[in-house]
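Peer 1:
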Amino acid sequence: MFKFFNTGKGFEYFLKKVESFRAKTGLKNCLFGLESTGSYGLALIHYLHRRGYEIVQINPMHTKRLKELTDNSPNKTDKKDPKVIADIIELNKYLTVIIPEGIFAELRELVHLREKILEDLRRSYNRIEGQLFKIFPEFSQVMRDLTTKTSRYLLAHYTLPQFILDLGLTKLTELIKSVSKNRLGEEKALALYEAAKMSGGIKEGTRSIVMEIKIHLDQIDRLESYQKSLTHLEQNLSPNHQISTFGFCKLLVFLDRVFEMSL
Numbered sequence: 602m603f604k605f606f607n608t609g610k611g612f613e614y615f616l617k618k619v620e621s622f623r624a625k626t627g628l629k630n631c632l633f634g635l636e637s638t639g640s641y642g643l644a645l646i647h648y649l650h651r652r653g654y655e656i657v658q659i660n661p662m663h664t665k666r667l668k669e670l671t672d673n674s675p676n677k678t679d680k681k682d683p684k685v686i687a688d689i690i691e692l693n694k695y696l697t698v699i700i701p702e703g704i705f706a707e708l709r710e711l712v713h714l715r716e717k718i719l720e721d722l723r724r725s726y727n728r729i730e731g732q733l734f735k736i737f738p739e740f741s742q743v744m745r746d747l748t749t750k751t752s753r754y755l756l757a758h759y760t761l762p763q764f765i766l767d768l769g770l771t772k773l774t775e776l777i778k779s780v781s782k783n784r785l786g787e788e789k790a791l792a793l794y795e796a797a798k799m800s801g802g803i804k805e806g807t808r809s810i811v812m813e814i815k816i817h818l819d820q821i822d823r824l825e826s827y828q829k830s831l832t833h834l835e836q837n838l839s840p841n842h843q844i845s846t847f848g849f850c851k852l853l854v855f856l857d858r859v860f861e862m863s864l
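Be aware that the sequence shown starts at 602, since it is given in the numbering used here, and climbs by one per residue.
#1: Buried or exposed, going by whether 16 or more other CB atoms sit within 10 Å of the CB of Ile803?
#2: Residues in the same chain with beta-carbon distance under 6 Å from Thr774, minus the five sequence neighbours each way, listed in chain order, please.
#3: Give the DSSP-derived three-state secondary structure of Glu655 in the structure shown.
#4: At the level of alpha carbons, what is the spacing between Ile765 and Tyr794?
#5: I'd like to know if the region 656 to 665 and the region 697 to 705 are in contact, where contact means that at least 3 CB-CB pairs between them fall below 8 Å.
#6: Please report the distance separating the alpha-carbon of Arg784 from that of Lys778.
#7: How long is the line joining the alpha carbons of Arg709 and Tyr641, rounded to whole angstroms?
#8: Can you tell which of Leu632, Lys815 and Gln820 has its C-alpha closest to the C-alpha of Asn693?
#9: Determine, using beta carbons only, whether Ile814 and Thr760 come nearer to each other than 7 Å.
#10: Whole angstroms are fine: how far does the CA of Leu711 sit from the CA of Lys629?
#11: Suppose contacts are defined by Cβ-Cβ distances below 7 Å. Is Leu824 in contact with Ile718 by that definition?
#12: From Gly801 to Pro762, what distance separates their C-alpha atoms?
#13: Take Arg728 and list the residues in its own chain whose beta-carbon comes closer than 7 Å to its own, dropping the five residues that flank it on each side.
#14: Going by DSSP in three states, Thr638 sits in which element: helix, strand or coil?
#15: Starting from Asp819 and walking both ways along the alpha helix (DSSP H), at which residues does that stretch end?
#16: Can you list, in chain order, the residues of its chain with a C-beta nearer than 6 Å to that of Ala792? Leave out the 5 residues immediately preceding and following it.
#17: Using alpha carbons as the reference points, say which of His713, Lys684 and Leu645 lies closest to Phe605.
#18: Do Ile821 and Ile736 have their C-beta atoms closer together than 7 Å?
#19: Taking the alpha-carbon positions, what's the Asn869 to Thr749 distance?
#20: Measuring only the C-alpha atoms, how far is Gly865 from Arg715?
#21: Can you give the Cα-Cα distance for His663 and Pro683, rounded to whole angstroms?
#22: Decide if Ala797 is buried, meaning its Cβ has at least 16 other Cβ atoms within 10 Å, or exposed.
#23: How about Phe705 and Tyr648: do their beta carbons lie closer than 7 Å?
#24: Between the C-alpha atoms of Glu805 and Glu739, what's the straight-line distance to the nearest angstrom?
#25: If we ignore side chains and look at the alpha-carbon of each, how far apart do Lys668 and Tyr827 end up?
#26: Relative to the C-alpha of Glu620, which residue among Thr608, Arg652, Leu643 and Glu636 is closest?
#27: If Glu707 sits next to Leu838, beta carbons under 8 Å apart, how far is it from one beta carbon to the other, in whole angstroms?
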């Protein structure tokens, strides 16, 4: 057993050791088996693939079970794992690794990026709601969907109950009608105004909370801009533009799951 760095020079050192071992033992073929390591092993997998080596993936659950059978302990150790992985390969209990290339490689990363953006969006809205519970808990009861344009505009410009009261009911009504393009009106404005009058939110230390909410709103704007860029890229990648964006997204997810099972 030996160690090497997860770098280009480390990979060269690794292959030199492997080829030296092959020369000494007279082995003709070399099969590399790896446990799933997420992004940490991806560069090595591609490095070996480019050089024509065969790579297989081992299910970590199989490694754990075999360790329990051999020494009654599932504990992971650097010395124990390589032998267990080799034993699993000998039993032919592995998955073939498929390396996505060209457009399929782009699609796979595209899916991952979209999922990360969606997760960041959810996280930003959750943090906004968490801060609203401190300063204006009634806001989300009146404006139930924080993702709407009207809710976000009000949060950006009239975050505190006092800001709503200072604006006045008449101007608040006009503002809500304008921003929502008349989808909301007097009823919603009155409900929000009354909620502001009776709000149980804290009165001290609110400036930093308001700033944090605005930071999250800015983050949401940027993330949505990235979403639009992704949609444009998806449309360009869609064969002959004959698949709808929604349908193409479903195809991307399917392809990613296929590659995920083999990487």
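Glycine residues also receive a C-beta, built at the ideal position from the N, C-alpha and C atoms.
Peer 2: A quick look at the data gives this:
#1: exposed
#2: Glu787 and Ala790
#3: strand
#4: 7 Å
#5: yes
#6: 7 Å
#7: 16 Å
#8: Leu632
#9: yes
#10: 39 Å
#11: yes
#12: 9 Å
#13: His817
#14: coil
#15: Thr807 to Leu838
#16: Val743
#17: Leu645
#18: no
#19: Past the boundaries of the shown model lies residue 869; the chain is included only from 602 to 864, so the question cannot be answered.
#20: Since the first and last residues shown for the chain are 602 and 864, residue 865 lies out of range.
#21: 13 Å
#22: buried
#23: no
#24: 17 Å
#25: 45 Å
#26: Arg652
#27: 7 Å
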